[in-house]
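The sequence shown lines up with residues 5 to 489 when you count with the numbering used here. Note that the Cβ used here is the ideal one computed from N, Cα and C, for glycine as well. Since this is a predicted model, take the numbers as computed values, not measurements.
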Amino acid sequence: MTFTKLRVRYAPSPTGEPHLGNIRTALFDWLIARNASGEFIVRVEDTDQARKVEGAIDLQQASLEWLGLNWDEGLGTEGIYGPYTQSERLSFYSEAVDHLLKTEKAYRCFCSSERLVELRKTQLENKSSNVGYDGYCSTLKILEGNLSDPFVVRFRMPNNGHSELEDMVRGHLEFDNSLSDDFVIMKSDGYPTYHLASVVDDHHMNISHVLRGEEWLSSVPRHVQLYEAFGWEMPQFAHLPTILAPDKSKLSKRHGATSVLEYKKMGYLPEAMFNFLSLLGWSLDGETEIISKETLINSFDANRISSASAIFDIEKLNWMNGYYIRNMSDFELAARLANYWEEFPPDDFDRSPSSNEIQAVTSLVKERIKILSEASALIAFVFKEEIEFELQELVQKHMNEDSTKKILEEVSGTLAKINSFSSSDIELELRSLADSMEIKVGALLGTVRVATSGQKVSPPLFESLEVLGRDRVLELLRLAKSKVS
Numbered sequence: 005m006t007f008t009k010l011r012v013r014y015a016p017s018p019t020g021e022p023h024l025g026n027i028r029t030a031l032f033d034w035l036i037a038r039n040a041s042g043e044f045i046v047r048v049e050d051t052d053q054a055r056k057v058e059g060a061i062d063l064q065q066a067s068l069e070w071l072g073l074n075w076d077e078g079l080g081t082e083g084i085y086g087p088y089t090q091s092e093r094l095s096f097y098s099e100a101v102d103h104l105l106k107t108e109k110a111y112r113c114f115c116s117s118e119r120l121v122e123l124r125k126t127q128l129e130n131k132s133s134n135v136g137y138d139g140y141c142s143t144l145k146i147l148e149g150n151l152s153d154p155f156v157v158r159f160r161m162p163n164n165g166h167s168e169l170e171d172m173v174r175g176h177l178e179f180d181n182s183l184s185d186d187f188v189i190m191k192s193d194g195y196p197t198y199h200l201a202s203v204v205d206d207h208h209m210n211i212s213h214v215l216r217g218e219e220w221l222s223s224v225p226r227h228v229q230l231y232e233a234f235g236w237e238m239p240q241f242a243h244l245p246t247i248l249a250p251d252k253s254k255l256s257k258r259h260g261a262t263s264v265l266e267y268k269k270m271g272y273l274p275e276a277m278f279n280f281l282s283l284l285g286w287s288l289d290g291e292t293e294i295i296s297k298e299t300l301i302n303s304f305d306a307n308r309i310s311s312a313s314a315i316f317d318i319e320k321l322n323w324m325n326g327y328y329i330r331n332m333s334d335f336e337l338a339a340r341l342a343n344y345w346e347e348f349p350p351d352d353f354d355r356s357p358s359s360n361e362i363q364a365v366t367s368l369v370k371e372r373i374k375i376l377s378e379a380s381a382l383i384a385f386v387f388k389e390e391i392e393f394e395l396q397e398l399v400q401k402h403m404n405e406d407s408t409k410k411i412l413e414e415v416s417g418t419l420a421k422i423n424s425f426s427s428s429d430i431e432l433e434l435r436s437l438a439d440s441m442e443i444k445v446g447a448l449l450g451t452v453r454v455a456t457s458g459q460k461v462s463p464p465l466f467e468s469l470e471v472l473g474r475d476r477v478l479e480l481l482r483l484a485k486s487k488v489s
């Protein structure tokens, strides 16, 4: 069989939340498929029933959808190669195992777990060069074993020669077959192991390219020999580089979130995360950082994937996310904030903002946030029933309670009389007021800022006052004055 169309698969296991490495693989799969007008398949590898977590596949699906990684087959999108869940494909694996047994490329193993534990213990104590199964059952005649006893099926690895692979990322790979033991391909519960199931499914689903993490490099000889035993054409393989923390250690919770959906909850934009993940092990030209999805699709080439470990730099992600926010229209950012706050309501809001209010506050935060979750703290005062602050925060440097009270009275009178409650008119009147009161502009504005927002540092003051509106501002100034009296 010669592959006539590029087909890739993302094959998650339902064992927990999708991590960055998993989704990076899915993203690379998707880009390769879209670049070549190929097909992107999602296949659920649930053969390890003991580790299955309820709802895990829903999280995988949510992660793919958030990043816009639409698929052509699998996860509810049926095709001619289904079913796309391995627990529903057991007949395929049974047929494959029967073939290997008949051709003596595999055998039944009746060794107990106790024997295997003892075998490994002895090998380690003796510092054996080969730690693994010793082939005890490989010459066992079927009549010598009782098929009513529990057994697994092992693949008979050749004990000489080499297994070779031309990897798209790492070039020519060669493995000494004598270093690989006879591995299990069918467990005693009738479920296949990853090694058998992935090979069988990739063949029957006509998968032309397989992208996976470099942790699977040690499995290459097993898979090469399985393909040879079946007489099937191998897909092209690409073993992707590991994603490491900035200190070159394994990425873990101590370096930040490892689940893609956690980044969604923190307020990262999908297009920024898409851009960022695409550069973890791949580059356009070694320099360009901001790359549109369209450009990535048109330019992505698996041959440009690096074999060197990729570094997950959260500061770079924050910068990139901030860039996407700042280059978004106010209207679009307001829509993103509205959707984000609806899904993840801010704890510091006393009420839900209206769409008009969100549109109004967007310009206040756009240049000041890197992620959506930072916005609520900056403009929470707009949606709070009561503004809280300490008296010493209200009283500015070189001012006292009497002068502070005077500022609040004069500002209230000025703002009550101006015709247009616009930021430009507010600024003009308050600066003029400071001059007439012969006090520093900073002292007057600092008092107003704390009185109306409860913060020493806030979004642009004049624009904030306009958003709050005349009535609310006058009310807040009155309440602040009562705290001074």
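Among N322, Y111, S427, E361, nearest to S377 - alpha-carbon criterion: Measuring from the Cα of S377, the nearest candidate turns out to be N322.
Do the stretch 35 to 51 and the stretch 197 to 217 touch if we need at least three Cβ pairs shorter than 8 Å? Because the criterion of three Cβ pairs below 8 Å is met, the stretch 35 to 51 and the stretch 197 to 217 touch.
Collapsed DSSP secondary structure at A314 in the structure displayed: strand
List the DSSP bridge partners of P196. M190
Just the Cα atoms here: how many angstroms apart are D186 and E293? Distance between the alpha carbons of D186 and E293: 46 Å.
Please report the straight-line C-alpha distance between A242 and I391, rounded to a whole angstrom. Distance between the alpha carbons of A242 and I391 is about 57 Å.
Own chain residues within Cβ distance below 6 Å of R453, not counting five before or after: S462, L465
Hey, would you say Q363 sits closer than 8 Å to A381, going by beta carbons? no
Span separating the alpha-carbon of A484 from that of L412: In this structure, the CA atom of A484 is about 8 Å from the CA atom of L412.
Residue nearest to L68 in terms of C-alpha spacing, selected from K401, P196, M277: M277
For the pair the stretch 435 to 450 and the stretch 397 to 405, tell me if three or more CB-CB distances fall below 8 Å. yes
Could you tell me the distance, in whole angstroms, from the CA atom of E296 to the CA atom of N279? Per the sequence presented here, residue 296 reads as Ser, with Glu not at that position. S296 and N279: Cα-Cα distance of roughly 7 Å.
Tell me which same chain residues have a C-beta within less than 7 Å of the C-beta of N26, skipping the five on either side of it? P16
Inter-residue spacing [alpha-carbon to alpha-carbon] between E496 and L183: Nothing can be reported for residue 496, as the shown portion of the chain is limited to 5 through 489.
Nearest to L248 by alpha carbon, out of M238, T262, R11? T262
Just to confirm my understanding: we take R330, look at its own chain, exclude 5 residues before and 5 after, and list those with CB closer than 7 Å. What are they? Correct list, in chain order: K370, E371.
Alpha helix (DSSP H) runs wholly inside the stretch 264 to 342, at least 4 long, in chain order: 264 to 270, 274 to 282, 297 to 303, 318 to 330
CB contact check: L288 to chain B, cutoff 8 Å: No chain B is present in this structure, which holds just one protein chain.
Can Y97 and P196 be called in contact, C-beta distance under 8 Å? yes
With DSSP run on the structure shown, which of helix, strand or coil describes F7? coil
Looking only at its chain, what residues have a beta carbon closer than 6 Å to the beta carbon of S427, apart from the 5 residues adjacent to it on each side? F466, E467, E470
What whole-angstrom Cβ distance do F353 and F387 have, given they're in contact under 8 Å? 4 Å
Continuous beta strand (DSSP E) assignments of at least 3 residues falling wholly in the stretch 343 to 422: none
Candidates A420, F234, L283, N181: closest to L35 by CA position: L283
Hey, out of T451, S132, Y231, D429, whose CA is closest to Q396's CA? Closest option to Q396, Cα to Cα, is T451.
Beta-carbon separation of K56 and P18 under 8 Å? yes
Is it right to say L151 is buried, meaning 16 or more other beta carbons lie within 10 angstroms of its own, or is it exposed? exposed
What does a CB cutoff of less than 8 Å around G219 pick up in its chain, not counting 5 residues either side in sequence? Per the sequence shown, residue 219 should be read as Glu rather than Gly. For E219, where only same-chain residues beyond five positions count, the Cβ hits under 8 Å are T246.
Kindly indicate which residue of N181, G42, D193, C115 has the alpha-carbon position closest to the one of R11. G42
Using a threshold of 8 Å, state whether the C-beta atoms of L31 and L63 are closer than that. no
For F385, count neighbouring Cβ atoms within 10 angstroms of its own Cβ and tell me buried if that reaches 16, exposed if not. Burial call: buried.
Using C-beta distances below 7 Å, list every residue in its chain close to D317, excluding the 5 sequence neighbours before and after it, in chain order. Counting only residues of its own chain and dropping the five nearest sequence neighbours on each side, D317 has a CB closer than 7 Å to the CB of P250.
Could you check the C-alpha separation between M270 and R340 for me, to the nearest Å? 13 Å
Kindly indicate the opening and closing residues of the alpha helix (DSSP H) around L118. It should be pointed out that residue 118 corresponds to Glu in this sequence rather than to Leu. Run containing E118: 117 to 129, per the alpha helix (DSSP H) assignment.
By Cβ distance, which residues of its chain are closer than 7 Å to A312, with the 5 residues on each side in sequence left out? P245
DSSP beta-bridge partners of K93: This sequence places Arg at residue 93; Lys is not what is there. According to DSSP, R93 bridges with nothing at all.
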